[in-house]
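Novice:
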Amino acid sequence: MSTLLALDTATEACSVALLHNGKVTSHYEVIPRLHAQKLLPMIQQLLADAGTTLQAVDAIAFGRGPGAFTGVRIAIGVVQGLAFALDRPVLPVSNLAVLAQRAYREHGVSQVAAAIDARMDEVYWGCYRETAGEMRLVGNEAVLPPEVAALPADASGEWFGAGTGWGYAERIAVNLTGQDAGMLPHAEDLLTLARFAWARGEAIVADEAQPVYLRDKVATPKAR
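Put into structure tokens, the structure is as follows:
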């Protein structure tokens, strides 16, 4: 049975989760600006509590973004350092998908419009639908003004809004059956998605791990 480690620092929340001997354990804290100091000790404590070591880990999953620029970089830096040292593969997971998976776990909803506050009067946006316990992307993820956010063209039925982007709810022209604008990604749900990806053979080598900011201008200068 595989042992998988998952970690996320893309938002104000810092969380880690572990699958070991078929049991899932996790630790979650909302600690803005303390991720770099807290992440490794949280991983070490989680492993100790499970009675195992990093050497037992088969792959490491991480929140690849979208989210805070610095937070996403912290996760990738730690994951690459661990994965290189252990010679293990990694599993990048969308933070919008993690939000949708958490909404499914906590609220039992099968269609989720996930939104993260992207600052600069924009939201990171993605719509997800549950298939066999896994929240899967419908359409594309994007960064856009709240007024432009929309459900997929084929959308029907009930939709739930999850994530800090729903702080702009009055500007998003989408009808919801419920919402949780305080929801942040949780590594437990990241781990769930990573287990699906691992089973499909989607792990990659550590140096291929890349952040996904959606907002290209953050990472690349504008063409002259």
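Here the sequence shown is numbered in our numbering, starting from -4 and rising by one per residue.
C-beta: ideal position from N, C-alpha, C; glycine also.
Only a predicted model underlies this, so the values are computations on that prediction, with no experimental measurement involved.
1) List in chain order: all unbroken beta strand (DSSP E) runs of 3+ residues lying wholly within the stretch 3 to 88.
2) Count the other CB atoms within 10 Å of the CB of Glu101; is the residue buried (16 or more) or exposed (fewer)?
3) Using CA atoms only, rank isn't needed, just tell me which of Arg59, Leu81, Leu34, Val85 is closest to Val200.
4) Tell me where the beta strand (DSSP E) around Arg131 begins and ends.
5) Confirm, please, whether the CB-CB distance from Val52 to Leu179 is below 8 Å.
6) How would you label Gly177, buried or exposed, when you count the other beta carbons within 10 angstroms and need 16 or more for buried?
7) Taking just the CA atoms, how far does Leu14 sit from Thr20?
8) So if DSSP puts Ala189 in a beta bridge, which residue, or which two residues, is it bridged to?
9) Can at least three beta-carbon pairs, one atom from the stretch 53 to 65 and one from the stretch -2 to 5, be found at a separation below 8 Å?
10) Ends of the alpha helix (DSSP H) at Arg195?
11) Are there 16 or more other CB atoms within 10 angstroms of the CB of Asp82, so buried, or fewer, so exposed?
12) Could you spell out the range, first to last residue, of the alpha helix (DSSP H) harbouring Gln96?
13) Alpha carbon to alpha carbon, what distance is there between Ala164 and Pro216?
14) For the beta strand (DSSP E) containing Val143, name the first residue and the last one.
15) According to DSSP, simplified to helix, strand and coil, what is Asp116?
16) Which whole-angstrom value is the C-beta distance of Trp154 and Gln106, which I expect to be below 8 Å?
17) Can you grab the Cα-Cα spacing for the pair Val74 / Glu142, in whole Å?
18) Compare the beta carbon distance of Pro147 and Val138 with 8 Å and say whether it is the shorter of the two.
19) Mark Val11 as exposed unless 16 or more other C-beta atoms lie within 10 angstroms of its C-beta, in which case mark it buried.
20) Between the alpha carbons of Arg68 and Gly58, how many angstroms are there, rounded?
Specialist: A quick look at the data gives this:
1) 8 to 15, 18 to 25, 54 to 58, 85 to 88
2) Taking the first residue of the sequence shown as position 1, residue 101 is located at position 106. Exposed: under 16 other Cβ atoms inside 10 Å.
3) One-based indexing of the sequence shown puts residue 200 at position 205. Among Arg59, Leu81, Leu34, Val85, the Cα nearest to that of Val200 belongs to Val85.
4) On the sequence shown, position 136 is the one that residue 131 refers to. First-last of the beta strand (DSSP E) with Arg131: 129 to 139.
5) In the sequence shown, counting from the first residue as 1, residue 179 sits at position 184. In the sequence shown, counting from the first residue as 1, residue 52 sits at position 57. Their beta carbons are not under 8 Å apart, which means Leu179 does not touch Val52 by this criterion.
6) Residue 177 sits at position 182 when you count from the first residue of the sequence shown. Exposed, since its Cβ has fewer than 16 Cβ neighbours within 10 Å.
7) As a working note, residue 20 is residue 25 in the sequence shown. As a working note, residue 14 is residue 19 in the sequence shown. Using only the alpha carbons, I get a separation of about 7 Å.
8) One-based indexing of the sequence shown puts residue 189 at position 194. Answer by DSSP bridge pairing: none, since Ala189 is not bridged.
9) yes
10) Indexing the sequence shown from 1 puts residue 195 at position 200. Counting along the chain, Arg195 falls outside any alpha helix (DSSP H), and DSSP gives it neither H nor E.
11) Numbered from 1 along the sequence shown, position 87 holds the residue referred to as residue 82. It is exposed - the Cβ of Asp82 has fewer than 16 other Cβ atoms within 10 Å.
12) In the sequence shown, residue 96 corresponds to position 101, counting from 1. Counting along the chain, the alpha helix (DSSP H) containing Gln96 begins and ends at 90 to 102.
13) Against the sequence shown, residue 216 aligns to sequence position 221. Against the sequence shown, residue 164 aligns to sequence position 169. With a pLDDT of 38 at Pro216, under the threshold of 50, the modelled position of that residue is not reliable, and no figure is offered here.
14) Translated into the one-based positions of the sequence shown, residue 143 becomes position 148. Unbroken run through Val143: none, as it is neither H nor E.
15) For this step, residue 116 is matched to residue 121 along the sequence shown. In the structure shown, Asp116 sits in coil (DSSP, three-state: anything other than H, G, I, E or B).
16) In the sequence shown, residue 154 corresponds to position 159, counting from 1. In the sequence shown, residue 106 corresponds to position 111, counting from 1. That pair is a contact at about 5 Å.
17) Sequence index remark: in the sequence shown, residue 74 carries index 79 (1-based). Sequence index remark: in the sequence shown, residue 142 carries index 147 (1-based). Each residue's Cα considered, the two are about 36 Å apart.
18) In the sequence shown, counting from the first residue as 1, residue 147 sits at position 152. In the sequence shown, counting from the first residue as 1, residue 138 sits at position 143. Cβ atoms of Pro147 and Val138: not closer than 8 Å.
19) Here residue 11 refers to the residue found at position 16 of the sequence shown. Val11 is buried by the Cβ-count criterion.
20) Numbered from its first residue, the sequence shown carries residue 68 at position 73. Numbered from its first residue, the sequence shown carries residue 58 at position 63. Their Cα atoms are separated by approximately 10 Å.
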